[in-house]
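Numbering (the numbering used here), first residue to last: 385 to 545.
All C-beta atoms, glycine included, are put in the ideal place defined by N, C-alpha and C.
Predicted model, so just to flag it, every value in this text is computed and none were measured.
Report on the structure given below.
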Amino acid sequence: MGAQTRFSVAVGCDEAGFELKALLKHYIESLGYGVEDFGCYSSSPVLYPDIAAAVAMAVGAGEQRLGVLICGTGIGMAISANKIKGVRAAQAHDTYSAERARKSNDAQILSIGARVIGPELAKSIVKVFLESEFEAERSGAKVERITALEQANRALPPGDK
385 MGAQTRFSVA VGCDEAGFEL KALLKHYIES LGYGVEDFGC YSSSPVLYPD
435 IAAAVAMAVG AGEQRLGVLI CGTGIGMAIS ANKIKGVRAA QAHDTYSAER
485 ARKSNDAQIL SIGARVIGPE LAKSIVKVFL ESEFEAERSG AKVERITALE
535 QANRALPPGD K
């Protein structure tokens, strides 16, 4: 009997991240995860906010546990994904930031830039992100505060929920 899939990871990219996404899909699968591809499906130009929103909505709805977004810099994808309520997307171009995004901020989506990092570093970053777990005891109150800010859609006085 084959190895059981850990969980499925949502992936998405724009045209700048198309080649890196293809490589990362295979790499993620080699680590024992499933992959659901939300596009794009060619190197033709697309509106990256639509791809980011599709991944973020799947993650936010609980259909996917984690997501990986790839564009030229990782910036636009992260900004777009963070517009979806309940989603925390983080741009990371080093393994430490990817680890802290999960452990300290409970980020569910990693955003990386194909024009910023190479494929080997991208694989290392994705692996660390997928294998890190949120440290709720240490950072739970901070993430709860982030959620309260999102729900209020305004600045909150210290201690206000």
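Exposed unless 16 or more other CB atoms sit within 10 angstroms - verdict on I501: Burial call: buried.
Note down, one range per segment and in chain order, each alpha helix (DSSP H) of at least 4 residues found wholly within the stretch 394 to 441. Within the stretch 394 to 441, the complete alpha helix (DSSP H) runs of at least 4 residues are 402 to 414.
Check the C-beta distance from L450 over to V393 and give it rounded, since I have them as a contact under 8 Å. Correct: roughly 5 Å between the Cβ atoms.
My parser needs the alpha helix (DSSP H) runs of 4 or more residues fully inside the stretch 447 to 504; what are they? Within the stretch 447 to 504, the runs of alpha helix (DSSP H) at least 4 residues long that lie entirely inside it are, in chain order, 459 to 465 and 479 to 487.
Apart from the five residues on each side of it in sequence, which residues of its chain come closer than 6 Å, Cβ to Cβ, to F391? If you ignore the 5 residues before and after F391, its C-beta comes within less than 6 Å of the C-beta of R449, all in its own chain and listed in chain order.
Bounding residues of the alpha helix (DSSP H) (the contiguous stretch that carries L533): Taken as a continuous stretch (DSSP letters only), the alpha helix (DSSP H) holding L533 covers A520 to A536.
Could you tell me the alpha carbon to alpha carbon distance between T479 and G470, rounded to whole angstroms? Each residue's alpha carbon lies about 24 Å from the other.
Roughly how many angstroms lie between the CA atoms of A445 and R499, to the nearest whole one? Using only the alpha carbons, I get a separation of about 30 Å.
Just the C-alpha distance for A547 and R472, rounded to the nearest angstrom, thanks. In the structure as shown, the chain begins at 385 and stops at 545. Residue 547 is therefore absent and cannot be evaluated.
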